[in-house]
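Residue numbers (the UniProt record's numbering): 1 to 596.
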């Protein structure tokens, strides 16, 4: 746990946030309007319950509705059931009662559920737009394109991304100092209304919410618009008016829901400023003064000069080998047609990621080990933190995806290329990168808000969350718990999926009668297992600790520099396909077009 270096500052901030319950004002100054709203909301809630339950039951019972469209519609109906139930009953009670209160914990739970379900719905509506695109533009291949694994993956990614985004957003909101303000000018707990209660300048956290909202709202809307542009072009090519009407009617319902949901969501959340007043100017100034740090000093092992020289040589070797090895894999996978397979597509993604990962940390660590002034600017530190978190989170997801690829190759060899279609591979890779970016953005912005009280000596080789928490002059246990919770999603969930995949792989391998066959089948997975063990082992050691410690800085060097160096070696040393591709490329004329 981080030491509280300025007791009074921490005590004051603790007092600022001492709010046991909130009063939801709604329209309490207009009793007649309250009664009207009660009736309208009650009717809406009952209709929503009956309608969505009906869709789920009918989609389940009627075999003719066992299609991708109704699978996603059932997901949307279940989501809407949860969404309305998280808000409406409490809202109805507060409209009828004189004391319109909600506990602090209840408010945060409501906020988490609403944000999670709202974010999930954004993604789900984009997925449903793609489903409509496949149905209208590729009707003959619709069921092949929208296979059951793809539908399950799309739905799971929607729910997972919503939960991760909500967890990060809710924890940030929970840390706002409120100075005893507890009257929320709203019907329920929502971020823009809660920001108005803060007694500090919330423009920074609002900018973060705005940035995340661009991902959660604007990116899906853009995908929906692209899908419907293709749909419109396909519909206009249909000659008969009846055919055009039938094709377009499959999309009108979805379009109506999109306009209703995204229109209100964009209006509320895509405003970088809530125009909330700072109700306590002095408190805001004090917290602002605590965080004034222009640069950080990276201590590393500066008290051991000989060890610094040894580390410099080792890290330089690791960095050069990592660059050469990963560039080689990308080039070979691109040039050799025999390596144009799902496995090497993901391996190329992993290699590109490792190049970026090592380059975000390696050069700066080498410079600091060689110089006397081992500094990094505050902005540079935050950029480095964002990049390393984004790439680390992405690698977690990517390794889980690669485990599924190996499962498909070993357990379903005859259907491997059908299961791992180009579309599914692109979607899996895109989801991995997007989830990594969103998680990193939320984590970095939270770290940027830590009051540091002038502390700027980081006991680490580079900027990483556990080391930065030690500089804070407030109790960071709550924030560390949040990082621990997110790490469970980002580290433990993918590991669990990998273990499940390899459980099936192990069972399939044991069913092979010949020893040669078992050896060949397991050989395709051994490299991936080695990489998983190296990366997750060190990552879990550093991040799955709710209290920040200093022992992890050497381990951090391992998964940021050593693992990316070993990845290409592990994947290529025993891989005959890569050996053949390498000799083939080396045997070519350097001026060949393939190198251009």
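All C-beta atoms, glycine included, are put in the ideal place defined by N, C-alpha and C.
Query: Among 142, 22, 58, which has the Cα closest to the Cα of residue 104?; Result: 22
Query: Can you say whether residue 112 is buried or exposed, counting buried as having 16 or more other CB atoms within 10 angstroms of its CB?; Result: buried
Query: Assuming residue 22 is part of the beta strand (DSSP E), what are its boundary residues?; Result: 21 to 24
Query: Would you give the residue range spanned by the alpha helix (DSSP H) that residue 231 belongs to?; Result: 219 to 236
Query: Would you give the residue range spanned by the beta strand (DSSP E) that residue 621 belongs to?; Result: Since the first residue shown for the chain is 1 and the last is 596, residue 621 is missing from the structure and cannot be characterised.
Query: What is the DSSP secondary structure of residue 166, reduced to helix, strand or coil?; Result: helix
Query: Check whether the stretch 399 to 416 touches the stretch 481 to 488, taking contact to mean three or more Cβ pairs, one atom from each stretch, closer than 8 Å.; Result: no
Query: Which same chain residues end up closer than 7 Å to residue 96 when comparing Cβ atoms and leaving out the 5 residues on each side of it in sequence?; Result: 38
Query: Among 42, 153, 100, which residue has its Cα nearest to the Cα of residue 401?; Result: 153
Query: Exposed or buried, residue 107, counting other C-beta atoms within 10 Å across all chains shown (16 or more means buried)?; Result: buried
Query: Enumerate, from N- to C-terminal direction, the unbroken alpha helix (DSSP H) stretches of 4 or more residues contained entirely within the stretch 54 to 119.; Result: 68 to 96
Query: For the stretch 509 to 524 against the stretch 449 to 465, do three or more pairs of beta-carbon atoms, one drawn from each stretch, fall closer than 8 Å, so that the two count as touching?; Result: no
Query: Please report how far the alpha carbon of residue 583 lies from the alpha carbon of residue 317, in whole angstroms.; Result: 24 Å
Query: Indicate the three-state DSSP secondary structure (helix, strand or coil) for residue 333 in the structure shown.; Result: helix
Query: Which value, in whole angstroms, describes the spacing of the CA atoms of residue 151 and residue 420?; Result: 13 Å
Query: Determine which residues share a DSSP beta bridge with residue 458 and list them.; Result: 298
Query: Roughly how many angstroms lie between the CA atoms of residue 172 and residue 340, to the nearest whole one?; Result: 43 Å
Query: Quick check on residue 191: buried or exposed, where buried means 16 or more other Cβ atoms within 10 Å of its Cβ?; Result: buried
Query: So what does residue 184 bridge to, in DSSP terms?; Result: 24
Query: Please classify residue 33: is it buried, with 16 or more other beta-carbons within 10 angstroms of its beta-carbon, or exposed?; Result: exposed
Query: Tell me which residues share the same chain as residue 411 and place their Cβ nearer than 7 Å to its Cβ, disregarding the 5 neighbours each side in the sequence.; Result: 504, 505, 508
Query: Going by C-alpha distance, which of 444, 520, 479, 483 is nearest residue 413?; Result: 520
Query: So residue 425 and residue 345 are supposed to be a Cβ contact under 8 Å. How far apart are they, rounded?; Result: 5 Å
Query: Give a yes or no on contact between the stretch 197 to 206 and the stretch 121 to 130, applying the rule of three or more CB pairs nearer than 8 Å.; Result: no
Query: From the DSSP output, in three-state form, read off residue 371 for me.; Result: coil
Query: Give a yes or no on contact between the stretch 127 to 147 and the stretch 65 to 76, applying the rule of three or more CB pairs nearer than 8 Å.; Result: yes
Query: Which stretch, first to last residue, makes up the alpha helix (DSSP H) that contains residue 422?; Result: 422 to 448
Query: For residue 25 and residue 184, which I take to be in contact (beta-carbon distance under 8 Å), what is that distance rounded to the nearest angstrom?; Result: 6 Å
Query: Taking only three categories from DSSP, how would you classify residue 289?; Result: Any reading at residue 289 must be qualified, since the residue scores a pLDDT of 41, below 50, and its modelled position is unreliable; no value is offered.
Query: With a threshold of 6 Å on Cβ separation, who are the neighbours of residue 386 within its own chain once the five nearest residues in sequence on each side are excluded?; Result: 440, 444
Query: Nearest to residue 494 by CA position, among 392, 479, 308, 464, is which residue?; Result: 392
Query: Can you confirm whether the stretch 155 to 175 touches the stretch 87 to 94 when touching is taken to mean that 3 or more C-beta pairs between the two stretches lie within less than 8 Å?; Result: no
Query: So, under 8 Å CB-CB, residue 598 and residue 298 are touching, yes? Tell me the CB distance rounded to an integer number of Å.; Result: Nothing can be reported for residue 598, as the shown portion of the chain is limited to 1 through 596.
Query: For the candidate residues 46, 162, 580, whose alpha-carbon lies nearest to that of residue 337?; Result: 580
Query: For the candidate residues 363, 223, 438, whose alpha-carbon lies nearest to that of residue 211?; Result: 438
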